[in-house]
Amino acid sequence: MTWHPNFRIVDTADIAPLPEAAEIVARLDEVLSGELNAVLVTLPEGFATTKALVRTEETAMGNLIADATRVATGFDVALVNSGSIRGDKVYAAGHELTARDVLTELPFGNTTYVIEVSGQTLRDALENSVSQLEDKAGRFLQVSGVGFEYDPSAAAGTRVIAATVGDAPLDDASTYSIAINNYLYGGGDGYTMFENALLLVGPVGADTVSNQVIAYLQSGQVGTLGVECRIVALAQERASEPPTATFEAKVAGLTVSFTDGSTDPGGQITAWAWDFGDGATSTEQNPAHGYAAGGLYAATLSVTDNSGEATDATFQVEILATAGQISTVLSRIGHSLDDAEETRDGGAMYMDSSDLEFVNDDHVNGDQIIGMRFEALAVPQGAEITEARLTFEVDEPSGADTALTIRGEATGDAQRFAMDAGDISRRPLTEAAVDWLPEPWIQIGASKTTPDLSTVITEIVQRDDWAEGNAIVLIVTGQGLRTAAAFDGDPGGAPALSIDFVVPE
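If you're matching positions, the sequence shown starts at -17 in this note's numbering and goes up one per residue.
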């Protein structure tokens, strides 16, 4: 069955709510907030759900989600693709985990299917799980009821060494009942081996995976929230461990004193390479650097030890702007929920695309609207914006005639995008708009820059609800096609916003 979303989007920005309706909404919001903020469990130990972690190894949150799905269905095995886990957070010991936390981790509303597969098919799925470890792909599985050991140095497709279901070895000739989400059932992330599997149950009631997790936590059945060696990577021999890079930065006016704090238990650090984020560099261990203007700079330290192993660390250094002086801030999209596509006909949201099509995408229902969110913008309220531009990295070549319009969301602190239909188009827009007729994009990886967007940014930072450090959403509409890298495809090539400004004296 194919479903083509068909929604009608109504702009309510200029419509005053009826007092009776506003009162009902307020009561519902109070009830909903109470449900979302209810404590499900207090964490005895901290754990993380960062993208780099959940897409490369077994995690406490992954185990929780997979266990909840297996308990909800009552079948042998549950598999969860790590790409569906999106919180990208670190939870400290003692954190009170709430329903809001669960929904933040699982924003897609996935449902559960139960299928019957052969042991060989299950083994193929485990191989697919570890086939793109180097890319930190979302296909990496979090599991329940099954365990496996793999060799990350082996060729993709031959990495799984051993696997068990329950307490018994995985038997290629046996059949197993496994619970998966609708994305995997549809063959997403390379799991095409599931497309023709025998469907036993699906979807499971009207429950989403997130509801299953909440119910599981509420049931009191949860044991230890942690890692249990369900997924084990064969240890790789190495001559020495790499160093760990870290540093401190103390700001005094425009001058910053950098202090190296890197360590190397198995060796000795022999070289330091600093990039201060403004084009200047140093090879001293503890340098001082004077910046020309205020702004937010990404300072990076790379350290190398006596075995030739190297690592780096990057921290944001904020230099407060000086009155009357031009300062620059740069913000690159840094989270999967900070860039999104919405189909113009229907309002369907796409949150995890590897690229951004401005604006025609024949794969989804024609033209679409693009939203991009840039956070931690150290621009004071009321600053004079002298120049602002977006920079993109070309993902696919295109020379089609293209006309785009860029506006901002008319709010002082824009929020991340959500899967709700029409989440981009329903946001209020700035009166200021900038038209752009981009030249042909021919070379993949090339950098492309918009015209000056200072009128749009000015309207936002002049708002009463704008504060230094808030976030801005820029929205692109139009016709034609230019394809840029998105955060989920290339974090280092994701769209970036630069703003030049002057603080009034």
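Where a beta carbon is used, it is the ideal one built from N, C-alpha and C, also for glycine.
| Check | Outcome |
| --- | --- |
| Does DSSP put R355 in a helix, a strand or coil? | strand |
| Roughly how many whole angstroms lie between the Cα atoms of A42 and F29? | 7 Å |
| Between which two residues does the alpha helix (DSSP H) harbouring Y504 extend? | In this structure the chain extends from -17 to 487, so residue 504 is not present and cannot be described. |
| Use the C-beta contact count for D321: other C-beta atoms within 10 angstroms, 16 or more gives buried, fewer gives exposed. | buried |
| Quick test of your reading: V21 and T80, contact by CB under 8 Å. State the CB separation rounded to the nearest angstrom. | 6 Å |
| Taking the alpha carbon of S313 as the point to measure from, which residue in T146, G44, I454, A468 has its own alpha carbon closest? | I454 |
| Just the Cα atoms here: how many angstroms apart are N178 and N164? | 13 Å |
| May I ask you to report which of helix, strand or coil DSSP gives A48? | helix |
| Excluding sequence positions up to five away, which residues of its chain have a Cβ less than 7 Å from the Cβ of M175? | T103, D106, A107 |
| Compare the beta carbon distance of R141 and V112 with 7 Å and say whether it is the shorter of the two. | yes |
| Under the assumption that V128 contacts V147 (Cβ atoms under 8 Å), give the Cβ distance between them as a whole number of angstroms. | 5 Å |
| I'd like the ranges of any beta strand (DSSP E) spanning at least 3 consecutive residues and lying wholly in the segment 84 to 164. | 94 to 100, 123 to 126, 128 to 132, 142 to 147, 157 to 163 |
| Using the Cα positions of Q444 and V438, report the straight-line distance between them to the nearest angstrom. | 10 Å |
| Under the rule that 16 or more other beta-carbon atoms within 10 Å means buried, what is E219, buried or exposed? | Reliability of the predicted coordinates at E219 is poor, the pLDDT of 46 falling under 50, and the value obtained from them is presented with this limitation in mind. Exposed, by the Cβ-count rule. |
| With DSSP as the reference, label R82 as helix, strand or coil. | helix |
| For S336, which of helix, strand or coil comes out of DSSP? | coil |
| Does the beta carbon of V455 sit closer than 7 Å to a beta carbon anywhere in chain C? | Chain labels in this structure do not include chain C; a single protein chain is all it has. |
| Kindly confirm or deny that the segment 387 to 400 and the segment 349 to 366 touch, where touching means at least three C-beta pairs closer than 8 Å. | yes |
| Is Y198 helix, strand or coil when you go by DSSP? | helix |
| Out of curiosity, what's the CA-to-CA distance linking T393 and G44? | 35 Å |
| Tell me the residue span of the beta strand (DSSP E) that contains K232. | 229 to 234 |
| Does R488 pass the burial test, meaning 16 or more other C-beta atoms within 10 Å, or should it be called exposed? | Any answer about residue 488 is impossible in this case: the structure gives the chain only from -17 up to 487. |
| Between the C-alpha atoms of K232 and T226, what's the straight-line distance to the nearest angstrom? | 20 Å |
| Give the straight-line distance between the Cα atoms of A221 and T293, rounded to the nearest whole angstrom. | With a pLDDT of 46 at A221, under the threshold of 50, the modelled position of this residue cannot be trusted; read the value that follows with caution. In a straight line, the C-alpha of A221 is about 16 Å away from that of T293. |
| Check whether the Cβ atoms of A270 and I308 sit closer than 7 Å, and answer yes or no. | no |
| Is the number of C-beta pairs between the segment 50 to 65 and the segment 0 to 19 that are closer than 8 Å three or more? | no |
| State buried or exposed for A119, treating a residue as buried only when at least 16 other CB atoms are found within 10 Å of its CB. | buried |
| Of the residues T252, L302, W423, T373, which one's Cα is nearest the Cα of Y273? | L302 |
| Using a threshold of 7 Å, state whether the C-beta atoms of G475 and E375 are closer than that. | yes |
| Below 7 Å between beta carbons: does that hold for E488 and D482? | Nothing in the structure corresponds to residue 488, since the chain is present only between -17 and 487. |
| Could you check what DSSP says for L419 in three-state terms: helix, strand or coil? | coil |
| Could you give the DSSP three-state label for L216: helix, strand or coil? | coil |
| Helix, strand or coil: which one does DSSP assign to M331? | strand |
| Is DSSP giving S309 helix, strand or coil here? | strand |
| Determine the closest residue to G249 out of I351, D257, S289, T263, with distance taken between C-alpha atoms. | S289 |
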